[in-house]
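Structure record follows, encoded as structure tokens.
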Amino acid sequence: MESLVKYVQDEFVERKDLPEFAAGDTITVYYEIKEGQKTRTQFFRGVVIQKRGTGASQTFTIRKMSGTVGVERIFPVNLPAIQKIEVNKKGSVRRARIFYFRGLTGKKARIKEAIRK
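When the letters of the sequence shown are read in order and numbered with UniProt numbering, they come out as residues 1 to 117.
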């Protein structure tokens, strides 16, 4: 059964060419919003907290601060509304899921920039 699901995902789910990013990176996701008959592009810029799943069901979570309130958003990788993703800054973190980042404020909430290729 699993091989059948994998076959369907490989054949029928279209893949987007997205840049490589990991937890700790600051990225900007441009996505399309439909309001009635109109569509517009909106962006969400924040720190990647986690990437989870594989294949067509892969998702990533982004966290940003809006004033003093933390806002998180989960994006499926294969969401048709995603137009593009820009990697603004590569972060250096030791974990794949940085949930401890939610509790940090001020200068402690800074992520050191990584030197990756």
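Using N, Cα and C, we set each Cβ at its ideal position, and we do this for glycine too. Please read these numbers as outputs of a predicted model, since none were measured by experiment.
Check whether residue i and residue j have beta carbons under 8 angstroms apart
i     : j      : result
Ile27 : Val87  : yes
Val77 : Ile62  : no
Glu11 : Gln83  : no
Val8  : Phe75  : no
Gly70 : Arg102 : yes
For residue i, the three-state DSSP class (helix, strand or coil)
i           : result
Glu86       : strand
Ser57       : helix
Arg40       : strand
residue 118 : Lying outside 1 to 117, the shown extent of the chain, residue 118 is not represented and no answer is given.
Arg95       : coil
Glu11       : helix
Arg110      : coil
Glu2        : helix
Gly103      : helix
Phe51       : Before going on, a small fix: residue 51 reads as Lys here, not Phe. Lys51: strand per DSSP, three-state reduction.
Pairwise C-alpha distance: residue j and residue i
i      : j     : result
Glu35  : Lys51 : 29 angstroms
Arg110 : Glu20 : 21 angstroms
Buried/exposed call for residue i, threshold 16 Cβ in 10 Å
i      : result
Ile115 : exposed
Asp25  : buried
Ala23  : buried
Phe43  : exposed
Gly91  : buried
Phe60  : buried
Val93  : buried
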